[in-house]
Structure formats: structure tokens, C-alpha cells
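Engineer: To start, I am sharing the structure in question, which I have written as C-alpha cells.
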Amino acid sequence: MRFEDLKVGMKAEVSKTITETDVILYAGITLDVNPAHLNEEHAKNTMFKHRIAHGMLTAGLVSAVLGTKLPGEGSIYMGQDLTFTAPVYFGDTITATAEIIELIPEKNRVILSTICTNQDGKVVLKGQAKIMKK
1 MRFEDLKVGM KAEVSKTITE TDVILYAGIT LDVNPAHLNE EHAKNTMFKH RIAHGMLTAG
61 LVSAVLGTKL PGEGSIYMGQ DLTFTAPVYF GDTITATAEI IELIPEKNRV ILSTICTNQD
121 GKVVLKGQAK IMKK
């Protein structure tokens with residue numbers, strides 16, 4: 001999609017069920033082996049009571065929306081502000097949604113609100129992304 005085709009209010013989303021395998025692979029790739037993600041015995045003693053997915057694994061779903069759907073191919077991810085608002089547990093289905101909230105034509109910039117919700121509609125991540133689009 002070209003910059004000229006974009007409109008404020010356009011939305012896109014992706015969904016994924018987070019598995020133990022996803023978390024283990026992410027830990028291996030990033031070296032984030034925090035026991036809150038990998039050790040159920042340790043996690044029982046945390047405020048979450050169970051292992052949780054890495055916050056940045058969830059944020060990666062936002063990147064998937066931006067790079068593949070809206071604004072899509074040819075997008076350059078310039079920045080993201082994020083707030084993690086609730087844990088993501090193994091087996092949760094997360095939907096990442098991006099919505100265009102501002103277009104800056106003179107710089108080919110797209111500002112999007114970004115949000116991730118779980119299968120119950122609970123917000124687990126919210127933020128705003130800045131994209132350069134040709």
C-alpha cells in the first residue's frame with residue numbers, strides 16, 4: 001500500500017496463540033532467560049502465579065501488523081512507545097491491532113495507535129508507533 005492510499009482510521013490486526021514453545025524459542029533468541037518465563041516453580045511465587053510470556057514477544061505481534069498489513073510492505077519502523085498493562089500467559093490468544101491516528105504527508109510519516117488484547121478482550125499492551133512509508 002502506498003502512502004497516498006492511507007487514511008486516518010484505517011485498522012488492521014493479527015492474532016496468535018502464545019505457546020510454551022514460542023516463549024522458549026524467544027528466550028533462546030534474546031537470551032532473556034528470566035525464570036518468570038521459564039520456571040513454573042519460580043513463577044508460582046511471583047505476583048502472576050504462573051509463567052508469563054515476554055512482554056517484547058507480545059510487542060513483536062505489533063511489528064507483524066505494521067510490517068505485513070498496515071501500513072505494510074515498505075514500512076520502516078521508526079519508533080514505538082509501549083506500556084505493558086497485563087500479563088500474557090501460555091495459551092492466551094493475543095490480537096495486535098494498529099490504527100492510523102495521524103498522517104504527516106510532508107515526511108511520509110504514519111502515526112498509529114497500537115494495542116494488544118487477549119481472548120477475553122483484556123488489554124495487555126498499548127502504545128503508539130511511528131512509521132516511515134514510501
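Numbering-wise (the UniProt record's numbering), the sequence shown opens with residue 1 and increments by one. Don't be surprised by glycine CBs; every beta carbon is placed ideally from N, CA and C. Please read all numbers here as calculations on a predicted model, not as lab measurements.
Mapping the DSSP letters down to three states, classify PHE90 as helix, strand or coil.
Structural biologist: In the sequence shown, the residue the question calls residue 90 occupies position 90. In this structure, PHE90 counts as coil in the three-state DSSP scheme.
Engineer: Looking at the structure shown, is ALA27 part of a helix, part of a strand, or coil, going by DSSP?
Structural biologist: Position 27 of the sequence shown, counting from 1, holds the residue named residue 27. If DSSP states are grouped into helix, strand and coil, ALA27 belongs with the helices.
Engineer: Over the uninterrupted beta strand (DSSP E) stretch that includes MET10, give me the two end residues.
Structural biologist: Taking the sequence shown and counting its residues from 1, one reaches residue 10 at position 10. Looking at the DSSP string, MET10 is not in any beta strand (DSSP E), and its letter there is neither H nor E.
Engineer: Are three or more beta carbon pairs between the stretch 82-102 and the stretch 117-127 nearer than 8 Å?
Structural biologist: Touching, yes.
Engineer: Of the choices LYS130, GLU4 and MET10, whose alpha-carbon is the least far from that of LYS69?
Structural biologist: Residue numbering aside, residue 69 sits at position 69 when the sequence shown is read from its first letter. Answer by Cα proximity: MET10.
Engineer: I'd like to check one pair, VAL14 with ALA64: are the Cβ atoms closer than 8 Å?
Structural biologist: Counted from its first residue, the sequence shown places residue 64 at position 64. Counted from its first residue, the sequence shown places residue 14 at position 14. Yes, the pair counts as a contact, with Cβ atoms nearer than the cut-off.
Engineer: Rounded to the nearest angstrom, what separates ALA36 and LEU66 at their Cα positions?
Structural biologist: As a working mapping, residue 36 is identified with position 36 in the sequence shown. As a working mapping, residue 66 is identified with position 66 in the sequence shown. So the alpha carbons of these two residues sit roughly 28 Å apart.
Engineer: Let's test the definition: count the other Cβ atoms within 10 Å of the Cβ of LEU6 and tell me whether it reaches 16, buried, or not, exposed.
Structural biologist: Your numbering for residue 6 matches position 6 in the sequence shown. The residue is buried, with at least 16 neighbouring Cβ atoms inside 10 Å.
Engineer: Start and end of the beta strand (DSSP E) containing THR114?
Structural biologist: Here residue 114 refers to the residue found at position 114 of the sequence shown. From DSSP, the beta strand (DSSP E) with THR114 extends over 109-117.
Engineer: Identify which residue in GLY60, THR46 and GLU106 has its Cα closest to the Cα of GLN80.
Structural biologist: Taking the sequence shown and counting its residues from 1, the one referred to as residue 80 is at position 80. The candidate whose alpha carbon is nearest that of GLN80 is GLY60.
Engineer: Just verifying my parser: in three-state terms, what is the DSSP assignment at GLY127?
Structural biologist: Here residue 127 corresponds to residue number 127 of the sequence shown, with the count starting at 1. GLY127 falls in the strand class under three-state DSSP.
Engineer: Starting from LEU82, trace the beta strand (DSSP E) both ways and give me its first and last residue.
Structural biologist: Within the sequence shown, numbered from 1, the residue matching residue 82 stands at position 82. Taken as a continuous stretch (DSSP letters only), the beta strand (DSSP E) holding LEU82 covers 75-84.
Engineer: Label ILE100 either buried or exposed according to how many other C-beta atoms from any shown protein chain fall within 10 Å of its C-beta, with 16 as the threshold for buried.
Structural biologist: Numbered from 1 along the sequence shown, position 100 holds the residue referred to as residue 100. That one is buried.
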